[in-house]
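Chains as they are written, first to last, in my numbering: chain A, 13 to 124; chain B, 43 to 158.
Note that beta-carbon positions come from the ideal geometry of N, C-alpha and C, so glycine has one too.
Structure first, then comments.
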Amino acid sequence: NAGVTQTPKFQVLKTGQSMTLQCAQDMNHEYMSWYRQDPGMGLRLIHYSVGAGITDQGEVPNGYNVSRSTTEDFPLRLLSAAPSQTSVYFCASRPGLAHIQYFGAGTRLSVL
Amino acid sequence: AQTVTQSQPEMSVQEAETVTLSCTYDTSESDYYLFWYKQPPSRQMILVIRQEAYKQQNATENRFSVNFQKAAKSFSLKISDSQLGDAAMYFCAYRSANFGNEKLTFGTGTRLTIIP
Numbered sequence: 013n014a015g016v017t018q019t020p021k022f023q024v025l026k027t028g029q030s031m032t033l034q035c036a037q038d039m040n041h042e043y044m045s046w047y048r049q050d051p052g053m054g055l056r057l058i059h060y061s062v063g064a065g066i067t068d069q070g071e072v073p074n075g076y077n078v079s080r081s082t083t084e085d086f087p088l089r090l091l092s093a094a095p096s097q098t099s100v101y102f103c104a105s106r107p108g109l110a111h112i113q114y115f116g117a118g119t120r121l122s123v124l
Numbered sequence: 043a044q045t046v047t048q049s050q051p052e053m054s055v056q057e058a059e060t061v062t063l064s065c066t067y068d069t070s071e072s073d074y075y076l077f078w079y080k081q082p083p084s085r086q087m088i089l090v091i092r093q094e095a096y097k098q099q100n101a102t103e104n105r106f107s108v109n110f111q112k113a114a115k116s117f118s119l120k121i122s123d124s125q126l127g128d129a130a131m132y133f134c135a136y137r138s139a140n141f142g143n144e145k146l147t148f149g150t151g152t153r154l155t156i157i158p
C-alpha cells in the first residue's frame, strides 16, 4: 500500500495560472478531504468527499474546485491562482467506519 | 462552531524528561473525537494518539498519554522519556462524531524542542 499520494510535492505558479493538485489513495477509503496549512495556523478544510460523485465545501472553499469520479482519486483544481493561495496543501482519506484520517505528504504551492 | 486552542506556541524539554502540551476546545456536542498529530520537519502529518469522547479512560500509546477532561473541555498530551525524534510541531484536533461530518478542526500548534 502506498497510502495517500500527492503530486507534485512543490509547485510555483504565476498569478492567474491554473493547475491541478493530484491526490490518490489505494486503501479503498470512502472519505477524502483537502486541507491547507498556513503559517501560524492549523490545517483548514477546503473541500471533502464522502464517496465517488459526492463532494461538499469545507471552511475555505473559495478559489478551489474538486470532483470525485473514482474512489481512488480526488484532485483539487485552482482555476486562477492568487498569491493568497500560497500554502501547503494536504490530502487526507479515511474509511467510512473509522474516524482516523490518513494524510498525504503535502504539496507546497507558491503563487507569485 | 467548534474551536481548538493551543496556548503554548513553543515548548522545550530535556531529553528523557516528561513534557505536557495543553489543548482546550469548545463544542456544544456530546460525541466527538480528539486527536494529537505530530508534524516533523518532513511536513508529514502523523497521528500520535486519539480519544473518543464517550470513553472515560484516557488513551495511551507507549510513551504518549492524554489527560482528557470532558467537563473542562481539556485534552492535554503527555510525552514521557522525551527523545530527540519527538521534536516536531504538535497539533490538537477535534472532529464531530455526527455522520458525514468530515471537518477536522485544528489548533495552531505547539513547537516542541528536545534539548540533548
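Counting only beta-carbon atoms, is A/H159 nearer than 8 angstroms to chain B?
The structure shown does not extend to residue 159 of chain A, since chain A spans only 13 to 124, so no value can be given for it.
Closer than 7 angstroms by beta-carbon distance: list the chain B residues that pair up with A/A117, in chain order.
What A/A117 touches in chain B: R85 and Q86.
According to DSSP, simplified to helix, strand and coil, what is A/S96?
A/S96: helix per DSSP, three-state reduction.
Just how far apart, CA to CA, sit B/Q86 and B/R153?
Here the C-alpha atom of B/Q86 lies approximately 15 angstroms from the C-alpha atom of B/R153.
Simplified DSSP assignment, three categories, for A/G108
Three-state result, A/G108: coil.
State the Cα-Cα distance for the pair B/T150 and B/G142, rounded to the nearest angstrom.
Rounded to whole angstroms, the separation of the alpha carbons of B/G142 and B/T150 is 25 angstroms.
On the criterion of 16 or more Cβ atoms from any shown chain inside 10 Å, does A/M53 qualify as buried, or is it exposed?
Sixteen is the threshold: since fewer than 16 other Cβ atoms of the shown chains lie within 10 Å of the Cβ of A/M53, the residue is exposed.
Using DSSP bridges, identify the partner residues of B/E144.
Paired residue(s): none; B/E144 is not in a bridge.
Residues that A/V62 contacts on chain B, provided the C-beta gap is smaller than 8 angstroms
Ordered by position in chain B, the residues that pass the 8 angstroms Cβ test against A/V62 are G142 and E144.
Assigned secondary structure, A/L137 (DSSP; H/G/I helix, E/B strand, else coil):
The requested residue 137 of chain A does not occur in the structure, where chain A is confined to residues 13 to 124.
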